[in-house]
């Protein structure tokens, strides 16, 4: 598995852990307070902040672990060569950009569909609490499928056209 696939897999695991933590938090709170959307907005913003900080920390740890792996695996490489190998693995070329674009298209479709369903639920008079959480679920599923699609395209390969 390539470095890019492992990085994306780590992001997927982090996102799933964050989603599970959010669901546990939501069910722990009293869902009867669903009319207070400002409270839910603050909760969502806190979880978004946690996700951003977690992504930064996991990326830093991933680069450190990859550097250690390269230096241990190829012990005859000098420090300069290890730096060059790690930098070349972190570099994003045209294939990486193409994979990202194809995967993000699928993720955007799912996220947009979740947003439309959430708005439709509001239009039919459902509780805003439900609509907000359907939109969040759409964003989560879009991100999850985008990551899975990236890993699939990295491992299978992608062709132009």
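In the working numbering, the protein residues as written are -17 to 143. Cβ atoms here follow ideal geometry from the backbone N, Cα and C, with glycine treated the same way.
How would you write the range of the alpha helix (DSSP H) that residue i sits in, first residue to last?
i, result
"residue 28", "19 to 55"
"residue -7", "-15 to 10"
"residue 77", "76 to 105"
"residue 58", "From DSSP, residue 58 is part of no alpha helix (DSSP H); its letter is neither H nor E."
"residue 124", "110 to 138"
Going by the beta-carbon positions, is the gap between residue i and residue j smaller than 8 angstroms?
i, j, result
"residue 33", "residue 83", "no"
"residue 97", "residue 117", "yes"
"residue 113", "residue 124", "no"
"residue 71", "residue -15", "yes"
"residue 92", "residue -3", "no"
"residue 37", "residue -13", "no"
"residue 111", "residue 22", "yes"
"residue 80", "residue 5", "no"
"residue -11", "residue 44", "yes"
Have a look at the options and flag the residue whose alpha-carbon is nearest the alpha-carbon of residue i.
i, options, result
"residue 65", "49, 77 and 75", "49"
"residue 2", "29, 105 and -14", "29"
"residue 7", "-5, 18, 25 and 20", "25"
"residue 78", "18, 9, 136 and 46", "136"
"residue 109", "-11, -17, 10 and 19", "19"
"residue 42", "115, 60 and 68", "68"
"residue 115", "47, 53, 74 and 9", "9"
Sorted by chain position, which residues of the same chain lie with C-beta nearer than 7 angstroms to residue i's C-beta, five sequence neighbours on each side aside?
i, result
"residue -9", "133"
"residue 88", "127, 128 and 131"
"residue 119", "96"
"residue 61", "none"
"residue 104", "110 and 113"
CB-CB under 6 angstroms to residue i, same chain, minus the five flanking residues each way: which ones, in chain order?
i, result
"residue 85", "128, 131 and 132"
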